[in-house]
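Trainee: Sharing a structure, written as structure tokens. Questions coming.
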């Protein structure tokens, strides 16, 4: 197995385990507690973020998301989500989980494990979705704005550019754009997150 595939499988396995622990509640993953630093899904507490991830402290917590997906022919579809950001792996990573439901009734889940890459100075997001291909996003902050560019981990996905802007302590907005093969840029989603706790 190549190093790239090993990394993908390892990240997916850890993310899936953390999500399962979070669904089962506190005390449900005792074997992982030492490695995770007795945080989050294990004991209900929160580890401190490492210095490289301090920029994500305002994200930590639960958010309600109102999103509009913009399809190829311009049709718009509303999506509501519950989004949770939390420290993971003793604060050396951030785990984002999302449960979403479209106005059409379709439901799904998404999970993202976030790390800091010291060699590039960028944040790397490994994102897995129940109905979409896995992708890696990377980028950084400019003040309150986080910009990310994507590439597929598996399969073929058009490159995307994602922007998240902190408007206040309790509100964030974001949007996603894709670049087609002919070079055209098209907005495919826009959203607002409001902090619940």
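Numbering (the numbering used here), first residue to last: 171 to 367. C-beta: ideal position from N, C-alpha, C; glycine also.
Flag this pair as yes or no: are the beta carbons of residue 366 and residue 234 separated by less than 7 Å?
Mentor: Cβ atoms of residue 366 and residue 234: closer than 7 Å.
Trainee: Count the other CB atoms, across all protein chains shown, that sit within 10 Å of the CB of residue 352; report buried if there are 16 or more and exposed otherwise.
Mentor: Label assigned to residue 352: exposed.
Trainee: What first and last residue would you give for the beta strand (DSSP E) that runs through residue 269?
Mentor: Residue 269 -> beta strand (DSSP E) spans 263-272.
Trainee: Between which two residues does the beta strand (DSSP E) holding residue 253 run?
Mentor: Taken as a continuous stretch (DSSP letters only), the beta strand (DSSP E) holding residue 253 covers 246-258.
Trainee: For residue 318, tell me which candidate among 295, 273 and 274 has the shortest Cα-Cα distance.
Mentor: Comparing Cα positions, the closest option is 295.
Trainee: Tell me the residue span of the beta strand (DSSP E) that contains residue 309.
Mentor: Unbroken beta strand (DSSP E) run through residue 309: 305-312.
Trainee: Three or more C-beta pairs closer than 8 Å, one from the stretch 216-235 and one from the stretch 249-258: is that the case here?
Mentor: Taking 8 Å as the limit for Cβ pairs, the verdict is that the stretch 249-258 does touch the stretch 216-235.
Trainee: Are the CB atoms of residue 248 and residue 268 within a distance shorter than 7 Å?
Mentor: No. Outside cutoff.
Trainee: Mind checking which residues open and close the beta strand (DSSP E) that includes residue 292?
Mentor: 292-299 is the extent of the beta strand (DSSP E) around residue 292.
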